[in-house]
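In our numbering, the protein residues as written are 412 to 829.
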């Protein structure tokens, strides 16, 4: 904790404010979103398809609009987009607590998603801009605040939702309203470098898409997100299978999330510093992808265990969650730094926006495929297959990233993944 505070104080005030903002953004978001599905299906008695529609619209309006948010940030400045995103989420969260018709819920959900598309690329580009040569350190610290917000938010939300979901929505809205005011008053304006930048949005997008090395990097790194997001899909499903849907299963799932968050908070800065000194950025990214793939080796050993098998299965899932957390810890700061480097320090927010859109599509497709294979493989009597497939994804992506990082002619990089 002392080292985190010391590192925090070593940055200028704008970066400090953005780190605190990210913590608060995640507290406000995660105090509400984990309980939204329960509210929709329980209190409002919506059908399953309607719940899926509301949640799906929120995800699509964020992931699908990241490129728009990043482009606007590069054209209008980072601060206006951060302020606009927080203000829009204030409205969206407030409305979610007081409407019960499906059209209104869809609109409010879309607003909360689009809000994230507005401020996420802008925040990352702002941090990269102000941290300068200390980008890797800044993004390591960013992840500490990010993960802390994820841990704290659901706990607060659990208490508030125990009273009423409307109270949770109101408190979340107040959090974002306070952030909006704070950033208007305290966050300095930053104008991105527009020297020699195309005059139209379409030219901006063509230029980013023509950056083959960046696009290839984005495609390769999509695999890391598919793997890390299995803490929300494959691991909880396996936990429910092994421990049941009662208190024991719920406690196991909660423990998996806690392990991930605590490791990130406690180890991020030391792990990043060690990898940066010993291995450098490119090798560290490859190592992180290998760790993400290796995370699914423990479940391979227990995939045939019957329901209620007990401790061996539980241990394998905790090990998997720990390795996933470690891989993410290694990857994230170097990944964020690499995006800025590949952008050439031009249209940084647009590059972040396109990157998030690409990986968002990859996560959606990867989760759909993983969920399907988990069901089919167990029905076919080969439950080990999905876990081996996830290991293979990690190994493949690590190899491709290694190839991309090797000094080679540009034509070789363009053939990657072909």
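The beta carbon of each residue, even a glycine, is placed where N, CA and C say it ideally should be.
Bear in mind that the values here come from a model prediction, so they are computed numbers and not experimental data.
(message) Let's test the definition: count the other Cβ atoms within 10 Å of the Cβ of residue 779 and tell me whether it reaches 16, buried, or not, exposed.
(response) exposed
(message) Between which two residues does the alpha helix (DSSP H) holding residue 461 run?
(response) 459-474
(request) Please work out which residues of its chain come closer than 7 Å, Cβ to Cβ, to residue 821, disregarding the five sequence neighbours upstream and downstream, and give them in chain order. (result) At residue 821, the pLDDT of 49 sits below 50, so the modelled position is not reliable; the number obtained from the coordinates is stated separately. Cβ neighbours of residue 821 beyond the five flanking positions: none.
(request) Would you mind giving the Cβ-Cβ distance between residue 642 and residue 787, rounded to the nearest angstrom? I have them listed as a contact below 8 Å. (result) The Cβ separation is near 22 Å, so there is no contact.
(request) Measure from the alpha carbon of residue 619 to the alpha carbon of each residue in 473, 751, 464, 417, then state which is nearest. (result) 751
(request) Could you give the DSSP three-state label for residue 485: helix, strand or coil? (result) helix
(request) Would you please state the rounded distance, in angstroms, between the beta carbons of residue 747 and residue 567? I believe it to be under 8 Å. (result) That belief does not hold up - the Cβ atoms of residue 747 and residue 567 are roughly 27 Å apart, past 8 Å.
(message) What residue range does the alpha helix (DSSP H) around residue 629 cover?
(response) 623-639
(message) Can you list, in chain order, the residues of its chain with a C-beta nearer than 8 Å to that of residue 507? Leave out the 5 residues immediately preceding and following it.
(response) 443, 447, 516, 519, 520, 523, 580
(request) Check whether the Cβ atoms of residue 744 and residue 728 sit closer than 8 Å, and answer yes or no. (result) no
(message) Tell me the rounded alpha-carbon separation between residue 768 and residue 475.
(response) 6 Å
(request) Give every residue of the same chain whose Cβ lies closer than 8 Å to the Cβ of residue 431, excluding the five residues on either side of it in the sequence, and list them in chain order. (result) 556
(message) Please state whether the Cβ-Cβ distance between residue 805 and residue 648 is less than 8 Å.
(response) no
(request) With a 10 Å radius around its C-beta and 16 neighbouring C-beta atoms as the bar for buried, classify residue 512 as buried or exposed. (result) exposed
(request) Give me the Cα-Cα distance between residue 688 and residue 452, rounded to the nearest whole angstrom. (result) 50 Å
(message) Less than 8 Å between the C-beta atoms of residue 761 and residue 615, yes or no?
(response) yes
(request) Please determine if the stretch 587-601 and the stretch 462-469 are in contact, where contact requires at least 3 C-beta pairs separated by less than 8 Å. (result) no
(request) Give the secondary structure of residue 707 by DSSP, where H, G and I count as helix, E and B as strand, and everything else as coil. (result) coil
(message) Please tell me whether residue 713 and residue 721 are closer than 8 Å, where the distance is taken between their beta carbons.
(response) no
(request) Classify residue 500 as buried or exposed, calling it buried when 16 or more other Cβ atoms lie within 10 Å of its own Cβ. (result) buried
(request) Could you work out which residue in 776, 634, 685 is closest to residue 810 when comparing CA atoms only? (result) 634
(message) Once the 5 residues before and after residue 558 are set aside, which same chain residues still bring their CB inside 6 Å of it?
(response) 672, 675, 676
(message) Using only CA atoms, which one of 763, 783, 715 lies nearest to residue 793?
(response) 715
(request) Note down, in chain order, each residue of its chain lying with its Cβ closer than 6 Å to the Cβ of residue 602, except the 5 sequence neighbours on either side. (result) 488
(message) So, with DSSP's three-state summary, where would you put residue 421?
(response) coil
(message) In whole angstroms, give me the CA-to-CA distance for residue 829 and residue 492.
(response) At residue 829 the pLDDT is 45, less than 50, meaning the model places this residue with poor confidence; the figure from the coordinates comes in the next sentence. In a straight line, the C-alpha of residue 829 is about 37 Å away from that of residue 492.
(request) Express the C-alpha separation of residue 594 and residue 502 in angstroms, rounding to a whole number. (result) 17 Å
(message) According to DSSP, is residue 442 part of a helix, a strand, or is it coil?
(response) coil
(request) Return the chain-ordered list of same chain residues with a C-beta closer than 8 Å to the C-beta of residue 427, the five sequence neighbours on each side being excluded. (result) 419, 420
(request) Could I get the ranges of all uninterrupted alpha helix (DSSP H) runs contained in the stretch 573-619, with 4 residues as the minimum, in chain order? (result) 576-597
(message) Closest to residue 360 by C-alpha separation, out of 771, 702, 682, 717, would be which residue?
(response) An answer regarding residue 360 cannot be provided, because it is not within the stretch 412 to 829 covered by the chain.
(message) Looking only at its chain, what residues have a beta carbon closer than 6 Å to the beta carbon of residue 425, apart from the 5 residues adjacent to it on each side?
(response) 541, 599
(request) State buried or exposed for residue 783, treating a residue as buried only when at least 16 other CB atoms are found within 10 Å of its CB. (result) exposed
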